[in-house]
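S.K.:
Protein chains: 2
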Amino acid sequence: MSVTAAKGFEAAGVEAGLKASGGLDVALVVNRGPLANAAAVFTSNRSKANPIIWSQQVIADGTVSAIVLNSGGANCFTGQQGFQVTHSTAEAVAEALGVSAGDVLVCSTGLIGDQLPLDKVLAGVSAAAAGLGDHGDDASRAIMTTDSKPKRSIRIGNGYTVGGMAKGAGMLAPGLATMLVVITTDVVLSSAELDIALRRATRASFDRLDSDGCMSTNDQVSLLASGASGVEPDLDAFGAVLAEVCLDLAEQLQGDAEGASHDIRIEVVNALTEDDAVEVGRSVARNNLFKAAIFGNDPNWGRVLAAIGTTDAAFDPYDVDVSMNGVRVCHAGAPDRPRTEVDLTPRRVELLIDLRSGSETATILTNDLTHDYVHENSAYAS
Amino acid sequence: MSVTAAKGFEAAGVEAGLKASGGLDVALVVNRGPLANAAAVFTSNRSKANPIIWSQQVIADGTVSAIVLNSGGANCFTGQQGFQVTHSTAEAVAEALGVSAGDVLVCSTGLIGDQLPLDKVLAGVSAAAAGLGDHGDDASRAIMTTDSKPKRSIRIGNGYTVGGMAKGAGMLAPGLATMLVVITTDVVLSSAELDIALRRATRASFDRLDSDGCMSTNDQVSLLASGASGVEPDLDAFGAVLAEVCLDLAEQLQGDAEGASHDIRIEVVNALTEDDAVEVGRSVARNNLFKAAIFGNDPNWGRVLAAIGTTDAAFDPYDVDVSMNGVRVCHAGAPDRPRTEVDLTPRRVELLIDLRSGSETATILTNDLTHDYVHENSAYAS
Chain A
1 MSVTAAKGFE AAGVEAGLKA SGGLDVALVV NRGPLANAAA VFTSNRSKAN
51 PIIWSQQVIA DGTVSAIVLN SGGANCFTGQ QGFQVTHSTA EAVAEALGVS
101 AGDVLVCSTG LIGDQLPLDK VLAGVSAAAA GLGDHGDDAS RAIMTTDSKP
151 KRSIRIGNGY TVGGMAKGAG MLAPGLATML VVITTDVVLS SAELDIALRR
201 ATRASFDRLD SDGCMSTNDQ VSLLASGASG VEPDLDAFGA VLAEVCLDLA
251 EQLQGDAEGA SHDIRIEVVN ALTEDDAVEV GRSVARNNLF KAAIFGNDPN
301 WGRVLAAIGT TDAAFDPYDV DVSMNGVRVC HAGAPDRPRT EVDLTPRRVE
351 LLIDLRSGSE TATILTNDLT HDYVHENSAY AS
Chain B
383 MSVTAAKGFE AAGVEAGLKA SGGLDVALVV NRGPLANAAA VFTSNRSKAN
433 PIIWSQQVIA DGTVSAIVLN SGGANCFTGQ QGFQVTHSTA EAVAEALGVS
483 AGDVLVCSTG LIGDQLPLDK VLAGVSAAAA GLGDHGDDAS RAIMTTDSKP
533 KRSIRIGNGY TVGGMAKGAG MLAPGLATML VVITTDVVLS SAELDIALRR
583 ATRASFDRLD SDGCMSTNDQ VSLLASGASG VEPDLDAFGA VLAEVCLDLA
633 EQLQGDAEGA SHDIRIEVVN ALTEDDAVEV GRSVARNNLF KAAIFGNDPN
683 WGRVLAAIGT TDAAFDPYDV DVSMNGVRVC HAGAPDRPRT EVDLTPRRVE
733 LLIDLRSGSE TATILTNDLT HDYVHENSAY AS
């Protein structure tokens, strides 16, 4: 289901021989209408892959008929030849479906710096276009790289449906989004309204996921609306349903992060501003020493304070409380309960940082730094 | 030798029982004059340890008679009790030497959040004061934590000497400095002149070392001048000698970084400004995916471009050249020589990033991300 749960969508996932490991590697999602409204957000990394450069042009008019995605190669820093591959892919989709190439989004994921074989991609597009149907599950598998499982989410609104799929296991840090995500819905909303809802939803979900601090060159979150339900929802109500799908997918990404043995939820409370809370949470999420300590089930709160001291957020380092899995180990910048009371053996870790400086809150999702993370990422290209 | 190479200095390193692993853990360096001029730079982390808070007051008047350092505990986030330990330590040194406590710098290193046992520290101070002599080597061993070897450096100027010792293996990232360093010299220079020379030297050495992106709470670099040589050198000439000592120590710190299997030298050339070059170099030094790739001897230049794309530096990501160990693997944002030509088996790795945007240069020193780094830092507190 996933991207084919909402009315008006068809999808396919096929094997085109792009992935060395084999398996499905080209996904196609088609919006059959009656509307073709869409919004998308992209990585804020200045080093952008060819499909990002292409898709940013496509989304400009808010009209999208289809999105084609491949694993097995990021098509990033592949020069003019690489851009031609993206362009030709969109044209092949357009021809097969009888739509404009300018209404076809393209996403790629895999190794940076390698050319995609155009002939295989085009054969994949043909096969996908010929096999369109209720194949959201195949599509969600075709975009996997180091993911151990597909990520899918569906929520039912008041007379309408929002469904999505995501991939991502490494280079997981916020740019705008940090992975490939396609969300479909059958609501009747304009592209401008979809854009507002999508930016709000990603800001509080994918933007708050920082698994390894490494921002990707290929991130894209696309939202396609068919209008096939005939329902024109209240924008805030739709936004809440969309946000649930985004957060569900973000948590699935966190749970499948490369090599991770802990899912760490960093909740920063009583900050002066939400930005301060995000900055403080992210400084901890990016601190290798803290992340390695969690891998070792070591409640090393000193590393939390060392990390947040590098930020510009408003707080007094000597008036901060830190709790781990419910045990307050630091109060007002001094030791509180003994570390030995903290049980870090569960996969899920709750870190609570009370800045005692205001009333704003933010939650950052991250993972620990493990032997397996190092192993997987030292061997990825080979 | 190290800190006792210059005329006018005595030192000691003793075992006070602070380190669980045993061994020397209290160091004392005394300036016998005739001058007692000094300068110091400190971590820019807002989460500062008690000895940093103390030493920043001591250095304010530019007069330092002695510096006492301990391993076995950072005395950071240890509350009022912790500050009293630092204060009492300085007073004990002052009493033993017949100087003012306000002229005694204090440095601590070890785990954050644990109290130092005052009785053991004071016994260590007594033993060190009683054993002062030409014991710079003992002093350099007494400040080691996870260091596998002491770091020492000596340079001879025109009629004067500059000698130093350093410790540091983890939490190695630039604040101002990123470790404990004591440098002594027998020149005749004012505290203000020493301050100028020290800031210049650290800016191009310790500040350019970023092993693991984690800024410490206890970093301090102190420069003590006795004037015992009677030589009043040209400030620039002295600065050059001092810079050599600082860079030598910084490279020793890099070479002994926790768990590292590669010393990576990131040279950024043709930047519009020096700040741009530093920002670009540091973004690569902090990219876990790049660092893990180097551990795996994988010349994954795509991760370099993904990292630098997150900066605000002036350059076009599609007009950048990247070379690894002399092989240009990326030219103008597209693949150049094959990755297979790059040999990453030596410990030393040279990464050259040509931004083609100006004429400024900066070099950042870092290390790879290894299984041993994760292991050592997941087990440090236990």
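Just so you know, the sequences run in chain order A and B.
Just so you know, we're using this note's numbering here: the first sequence kicks off at 1 and counts up by one.
Just so you know, we're using this note's numbering here: the second sequence kicks off at 383 and counts up by one.
Glycine residues also receive a C-beta, built at the ideal position from the N, C-alpha and C atoms.
DSSP state of A/A27, grouped into three classes?
M.R.: Reduced to three states, the DSSP call for A/A27 is strand.
S.K.: With a cut-off of 8 Å on the beta carbons, I'd call B/A387 and B/T584 a contact; round off their distance for me.
M.R.: With 8 Å as the limit, B/A387 and B/T584 do not qualify as a contact, their Cβ atoms being about 20 Å apart.
S.K.: When Cβ atoms are compared, which residues of the stretch 750-762 of chain B fall closer than 9 Å to chain A?
M.R.: Here the close residues are D750, L751, T752, H753, Y755, V756, H757, E758, N759, S760, A761 and Y762.
S.K.: Cβ atoms of B/V702 and B/R738: under 8 Å apart, would you say?
M.R.: For B/R738 and B/V702, yes; Cβs fall inside 8 Å.
S.K.: Taking 8 Å as the threshold (C-beta atoms), are B/N457 and B/N432 in contact?
M.R.: Against a cut-off of 8 Å, the Cβ pair of B/N457 and B/N432 comes out as a contact.
S.K.: Check whether the stretch 239-248 of chain A and the stretch 96-105 of chain A touch, using three or more Cβ-Cβ pairs below 8 Å as the test.
M.R.: These segments do not touch.
S.K.: Tell me, please, whether the CB atom of B/I646 is closer than 8 Å to any CB atom in chain A?
M.R.: No, its Cβ sits nowhere closer than 8 Å to a Cβ of chain A.
S.K.: If contact means a Cβ-Cβ distance below 7 Å, which residues of the stretch 417-439 of chain B contact chain A?
M.R.: The stretch 417-439 of chain B vs chain A, Cβ under 7 Å: N427, R428 and S429.
S.K.: Of all Cβ atoms in chain B, is any one closer than 8 Å to the Cβ of A/M215?
M.R.: By this cut-off, A/M215 is an interface position.
S.K.: Given a cut-off of 8 Å, decide if A/V64 and A/A142 are closer than it, judged by their beta-carbon atoms.
M.R.: Going by C-beta atoms, A/A142 is not nearer than 8 Å to A/V64.
S.K.: Just to confirm my understanding: we take B/E649, look at its own chain, exclude 5 residues before and 5 after, and list those with CB closer than 6 Å. What are they?
M.R.: So the qualifying residues of the chain are L734 and T745.
S.K.: When you compare the CB positions of A/S55 and A/L24, do they come within less than 8 Å of one another, or not?
M.R.: No, the Cβ-Cβ distance between A/S55 and A/L24 is not below 8 Å.
S.K.: A/G133 and A/E10: beta carbons closer than 8 Å?
M.R.: Yes, they are a contact pair.
S.K.: Would you call B/S453 buried or exposed, if buried means 16 or more other Cβ atoms sit within 10 Å of its Cβ?
M.R.: Buried.
S.K.: Is B/D750 helix, strand or coil when you go by DSSP?
M.R.: Residue state, collapsed to three classes: coil.
S.K.: Just the Cα atoms here: how many angstroms apart are B/A559 and A/D256?
M.R.: Only weak support is given to the placement of B/A559: the predicted model assigns it a pLDDT of 37, under 50, and the value that follows is read from those uncertain coordinates. In a straight line, the C-alpha of B/A559 is about 37 Å away from that of A/D256.
S.K.: Determine, using beta-carbon pairs with one atom in the stretch 469-476 of chain B and one in the stretch 494-513 of chain B, whether at least three such pairs fall under 8 Å.
M.R.: Segments in contact, yes.
S.K.: Got a sec: is the Cβ-Cβ distance from A/D212 to anything in chain D below 8 Å?
M.R.: Reference to chain D is not applicable here, since the protein chains of this structure are A and B.
S.K.: Would a C-beta distance cut-off of 8 Å place B/V440 and B/G541 closer than the cut-off?
M.R.: Result no, Cβ atoms of B/V440 and B/G541 do not sit closer than 8 Å.
S.K.: Please state the DSSP three-state secondary structure of A/Q254.
M.R.: It is helical.
S.K.: Buried or exposed: which applies to A/G113, given that a residue is buried once 16 or more other Cβ atoms fall within 10 Å of its Cβ?
M.R.: Burial call: buried.
S.K.: Examine the ligand MN and report whether any of its heavy atoms sits within less than 7 Å of the Cβ of B/I525.
M.R.: The ligand MN is absent from the structure shown, which contains no ligands of any kind.
S.K.: Could you tell me whether the Cβ atoms of A/R337 and A/R348 are closer together than 8 Å?
M.R.: No, these two residues do not count as a Cβ contact at 8 Å.
S.K.: Looking only at C-alpha atoms, which of B/Q497, B/R428, B/K389 and B/F424 sits nearest to B/S401?
M.R.: One point to set straight first is that residue 401 of chain B is Lys, not Ser, in the sequence displayed. Out of B/Q497, B/R428, B/K389 and B/F424, B/Q497 has the C-alpha closest to the C-alpha of B/K401.
S.K.: DSSP puts A/V304 in a beta bridge; with which residues?
M.R.: Per DSSP, none; premise fails for A/V304.
S.K.: Specify the secondary structure class of A/E341 as computed by DSSP and reduced to three states.
M.R.: Of the three classes helix, strand and coil, the one that applies to A/E341 here is helix, per DSSP.
S.K.: Among A/A39, A/V278, A/G131 and A/I196, which one has its Cα closest to the Cα of A/D234?
M.R.: The residue with the shortest Cα to Cα distance from A/D234 is A/I196.
S.K.: Assign B/F465 to one of three DSSP states: helix, strand, or coil.
M.R.: The answer is helix: DSSP assigns B/F465 an H, G or I state.
S.K.: Counting only C-beta atoms, is A/N325 closer than 8 Å to chain B at any point?
M.R.: With 8 Å as the cut-off, A/N325 does not count as an interface residue toward chain B.
S.K.: Pull up the distance between the alpha-carbon of B/L571 and that of B/V704, whole angstroms please.
M.R.: Distance between the alpha carbons of B/L571 and B/V704: 44 Å.
S.K.: Could you run through the stretch 278-309 of chain A and flag, in chain order, every residue whose CB is less than 9 Å away from some CB of chain B?
M.R.: Hits within the stretch, in order: R286, N287, N288, L289, F290, K291, A292, A293, I294, F295, G296, N297, D298, P299, N300, W301, G302, R303, L305, A306, A307, I308 and G309.
S.K.: Helix, strand or coil: how does DSSP classify A/C246 here?
M.R.: Residue state, collapsed to three classes: helix.
S.K.: Out of curiosity, what's the CA-to-CA distance linking B/V666 and B/I690?
M.R.: If I take the Cα positions, the gap works out to 7 Å.
S.K.: In the DSSP assignment, what residue or residues form a beta bridge with B/F620?
M.R.: Paired residues: none, contrary to the question.
S.K.: Under 7 Å Cβ to Cβ from B/D754, same chain only, skipping five residues before and after it: list those, please.
M.R.: Within the same chain, B/D754 has close Cβ partners G641.
S.K.: Out of B/S741, B/A548 and B/G464, which one is the CA nearest neighbour of B/L635?
M.R.: Ranking B/S741, B/A548 and B/G464 by Cα distance to B/L635 puts B/A548 first.
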